[in-house]
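Colleague: Read top to bottom, the protein sequences are chains A and B. Residue numbers for the first sequence follow the working numbering, so the first one is 32 and each next one is one higher. Residue numbers for the second sequence follow the working numbering, so the first one is 32 and each next one is one higher. Quick reminder that beta carbons are idealized off the backbone N, C-alpha and C, glycines included. The structure presented is a predicted model; accordingly, all values stated were derived computationally and were not measured. So that we are looking at the same thing, I have put the structure below in structure tokens.
There are 2 protein chains.
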Amino acid sequence: MFAIIMAGGSGTRFWPASREHLPKQFLRITSGRTLFEETLDRMRPLMPDQNIYVVVNRAHEEITHRLVGRRQARILVEPVGRNTAACIGLAALHVPENQRDEPMVVLPSDHFIADTDQFVRSLSVAADLSRTGAIVLLGIPPTRPETGYGYIEVETGPGYAGVDTSRRMKQFVEKPDPETALSYLSTGRHLWNAGIFISNARTLLIEIERCMPALHDGLRELAKSIGQESYAAAVAEIYSGLESISIDYGIMEKTCAPIYVLPGNFGWSDIGSWQALYDLRRDQADTRGNLLPEGAVTLHAEGNLVFSDTRRLVALLGVQRLVIVDTPDALLVADLNRSQDVKKLTEILKEKGRRDIC
Amino acid sequence: MFAIIMAGGSGTRFWPASREHLPKQFLRITSGRTLFEETLDRMRPLMPDQNIYVVVNRAHEEITHRLVGRRQARILVEPVGRNTAACIGLAALHVPENQRDEPMVVLPSDHFIADTDQFVRSLSVAADLSRTGAIVLLGIPPTRPETGYGYIEVETGPGYAGVDTSRRMKQFVEKPDPETALSYLSTGRHLWNAGIFISNARTLLIEIERCMPALHDGLRELAKSIGQESYAAAVAEIYSGLESISIDYGIMEKTCAPIYVLPGNFGWSDIGSWQALYDLRRDQADTRGNLLPEGAVTLHAEGNLVFSDTRRLVALLGVQRLVIVDTPDALLVADLNRSQDVKKLTEILKEKGRRDIC
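Have a look at this one:
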């Protein structure tokens, strides 16, 4: 098997821990390892390291090299982000011609998965399904009326290729309003779109050719220089001109190839906010529901999340449901329930000319 | 006139801004100057600098010298704190024999006074009163049912020595319960004890001799070496053995000398907590009631006090009535209404072996 780990994202939802130069995938927020390393680790049972393509932005090339370390994963650098279709096309091009029929997992680098064994089993089943020529999405059965995710609607009907739970995809559904989200909980036909799927390099390149001919032309130009000295120059010249569109819109919604969805229960979260992080680490909190760095002291404090990458002592007194993010040059104190608005703070900072701290 | 500025206190109520090595009087919390400097400045209209005696603990000698700078105030060092009676006795001893009948203001170094002109006027009137041989306390007419202060109860009756508002002291009253504090608001006979009074060195030394003979013996020993090379050694040897008692209990409650109280309205506060600081600086807050360091950003944040002695950016999101104290090695986030419990946090820290940060 092969994998494309998409690590080109740059978010500010975990500001001030995350910055433009240090997006979420490079944070140690769920364990002592970065989300990126955790993602890399999860592929270990499925493929050798050299079959893993990591696609990163040039700004994050150095940290990616440092985290990959001596492992053999290949790092592909985007000079600028051009959304997932271009990213996936770039990686697919690098798969040797004679291995392009092997299953290829495509997945983001900044998600959390609680149950790696179950995740690996789901990917194995999806990989088998994909050998029939289908693109197979992993869908997450919703456990709450989430309005922050996109959904995948599936057809009713029998399982596909011997897998009872697999379904044919009907359509992608945009982030719903609360009422609609609530109704999705009970249909059995709506799954969270985790952005994880399995196909193979050949299918992906063919689909790009069919559905996104302009992107395909660009990639074909690039392909000529792969393995050549001219490669870096070619990427620098061509990549920024590529069509910027997501694989969901660019291919999944247009292709006439079969697209299947396999529901997977492996404790998935995209950790979209400090609050989401608190929720998934809640079982590690102290008896008063506080998640604290070592040495912190509290008195009458409950349900707080403190994230620190300084060695400062943190003391809490009489406060509830706060997220406190302590970094060397910026401090955030926020209502945990409003942590999705952290992005707005960074916008205010940019307006104030403080892009340096975003 | 003379003054004794008592700067030997060591509090942790403003932790983590205040520390054992940096008590409240050395903080810049009400302006760009420390409370100690503000206190020194307030004496300027009343006496020349060389008539001011500053009594400090040995641990704070260096910072006191730095803050006094080129001014001629005299710094007297206590090797250990021995409460106010010993402190005042020590300073009184240093007043030249031929000036011991001059009025002498005794006051703490860590209080806030909003109206310096009015304060100076009150001290001038009190100084005149004291020339009759009385000890004159400044009492603060209570403006709220404060349970955190001691009170002075005065006799009813006419003014003393031509000052209509002056009254004879009846007794000191301990910190009252809420109901009692409420009743004090309307008696007209209960004033807050600000710990500020005027007498003169001779009277004070005589009263110490009468009421506290053991302390007087110790001071007499010390007096022999004032101006001698042996002075430092004598202080080191004798001071720690002196009786440790407050001037209120040691003299004011025992003496048969007349004690008078002069009410003074000059916007006094002992700034006993972060909340008290917030209250007295409230008029400087932004439109949402936040008191913030330069460059801070907020969104839906109201009524917060942020004190920072780092240059870090502080961002607040959706939080109310917090005090956030940002120092290089410790961060406090507390409910402003519970800030009187900050002391308990430092006790927890000491139990945890973190005296280094207290």
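1) Could you tell me whether any Cβ in chain B is nearer than 8 Å to the Cβ of Ile379(A)?
2) Give every residue of the same chain whose Cβ lies closer than 7 Å to the Cβ of Ile119(B), excluding the five residues on either side of it in the sequence, and list them in chain order.
3) I'd like to know whether the C-beta of Asp366(A) is nearer than 8 Å to at least one C-beta of chain B.
4) Classify Lys55(B) as helix, strand or coil using the three-state DSSP reduction.
5) Which one of Pro134(B), Ile171(B), Glu69(B) and Arg369(B) has the shortest CA to CA distance from Gly349(A)?
6) State buried or exposed for Tyr180(B), treating a residue as buried only when at least 16 other CB atoms are found within 10 Å of its CB.
7) For Asp72(A) and Leu169(A), what's the separation of their Cα atoms in angstroms?
8) Identify the contact partners of Asn374(B) in chain A, using a Cβ-Cβ distance below 9 Å as the criterion.
9) Can you check whether the C-beta of Ala48(B) is within less than 8 Å of a C-beta belonging to chain A?
10) Looking at the secondary structure, which residues open and close the beta strand (DSSP E) in which Ile106(B) lies?
11) Rounding to the nearest angstrom, what Cα-Cα distance links Ser49(A) and Thr95(A) in this structure?
12) If Arg319(B) sits next to Ala332(B), beta carbons under 8 Å apart, how far is it from one beta carbon to the other, in whole angstroms?
13) Could you tell me which residues DSSP pairs with Pro139(A) in its beta bridges?
14) Can you confirm whether the stretch 151-161 of chain A touches the stretch 74-81 of chain A when touching is taken to mean that 3 or more C-beta pairs between the two stretches lie within less than 8 Å?
15) Strictly below 8 Å CB to CB, what residues from chain A border Gly349(B)?
16) So is Pro47(A) buried or exposed if we call it buried at 16+ other beta carbons inside 10 Å?
17) If you compare alpha carbons, which of Ala346(A), Arg113(A) and Leu121(A) is closest to Tyr84(A)?
18) Out of Glu274(A), Thr70(A) and Pro134(A), point me to the one whose CA is closest to Asp146(A)'s CA.
19) Can you give me the start and stop residues for the alpha helix (DSSP H) that Gln202(A) sits inside?
20) What would DSSP say about Gly42(A), mapped onto helix, strand or coil?
21) Tell me, to the nearest whole angstrom, how far the beta carbon of Pro134(A) is from that of Ala158(A); I am working on the premise that it is less than 8 Å.
22) Shortest alpha-carbon distance to Gly258(B) belongs to which of Val373(B), Leu311(B) and Leu124(B)?
23) Less than 8 Å between the beta carbons of Gln56(A) and Thr65(A), yes or no?
24) For Ser214(B), tell me which candidate among Tyr182(B), Asp195(B) and Ile355(B) has the shortest Cα-Cα distance.
25) Between the Cα of Glu109(A) and those of Arg59(A), Pro244(A), Ile269(A) and Phe143(A), spot the shortest distance and give me the residue it belongs to.
26) When you compare the CB positions of Met200(B) and Ile276(B), do they come within less than 8 Å of one another, or not?
27) Going by C-alpha to C-alpha distance, which of Arg386(A), Glu252(A), Val328(A) and Gly334(A) sits closest to Ile379(B)?
28) Taking Val111(B) as the reference, give the member of Pro189(B), Gly40(B) and Leu347(B) with the closest Cα.
29) Which one of Arg385(B), Gly63(B) and Leu253(B) has the shortest CA to CA distance from Leu107(B)?
30) Since Val338(B) is in the beta strand (DSSP E), which residue starts that stretch and which ends it?
31) Check whether the Cβ of Arg343(A) lies closer than 8 Å to any Cβ atom in chain B.
32) Name, in chain order, the residues that DSSP records as bridge partners for Thr329(A).
33) Would you say Val111(B) reaches chain A, if we count a Cβ-Cβ gap shorter than 8 Å as a contact?
34) Report the CB separation of Ser256(B) from Ala265(B) in whole angstroms; it is logged as a contact under 8 Å.
35) Taking the alpha helix (DSSP H) that Arg92(B) belongs to, which residues open and close that run?
36) According to DSSP, His221(B) sits in a beta bridge with which residue or residues?
Modeller: To lay it out plainly:
1) yes
2) Closer than 7 Å at the Cβ level, and outside the excluded window around Ile119(B), lie Ile35, Val137, Leu235 and Ile278.
3) yes
4) Of the three classes helix, strand and coil, the one that applies to Lys55(B) here is helix, per DSSP.
5) Arg369(B)
6) Burial call: buried.
7) 19 Å
8) Note that residue 374(B) is Lys in the sequence shown here, rather than Asn. Those within 9 Å of Lys374(B) in chain A number zero; the least Cβ separation is about 10 Å.
9) no
10) Arg105 to Glu109
11) 15 Å
12) 7 Å
13) Met37(A)
14) yes
15) Ala365, Asp366, Asn368, Arg369 and Asp372
16) buried
17) The closest CA to that of Tyr84(A), considering only Ala346(A), Arg113(A) and Leu121(A), is found on Leu121(A).
18) Thr70(A)
19) Run containing Gln202(A): none in the alpha helix (DSSP H); it sits in the beta strand (DSSP E), Arg198 to Val204.
20) coil
21) 4 Å
22) Leu124(B)
23) yes
24) Tyr182(B)
25) Nearest of Arg59(A), Pro244(A), Ile269(A) and Phe143(A) to Glu109(A), Cα basis: Ile269(A).
26) no
27) Val328(A)
28) Gly40(B)
29) Nearest of Arg385(B), Gly63(B) and Leu253(B) to Leu107(B), Cα basis: Leu253(B).
30) Before going further, note that residue 338(B) is Phe rather than Val in the sequence given. Judged by DSSP secondary structure, Phe338(B) falls within the beta strand (DSSP E) whose first and last residues are Leu336 to Ser339.
31) yes
32) Leu347(A)
33) no
34) 4 Å
35) Note that residue 92(B) corresponds to Glu in the displayed sequence, not to Arg. Glu92(B) -> alpha helix (DSSP H) spans Glu92 to Val99.
36) Glu184(B)
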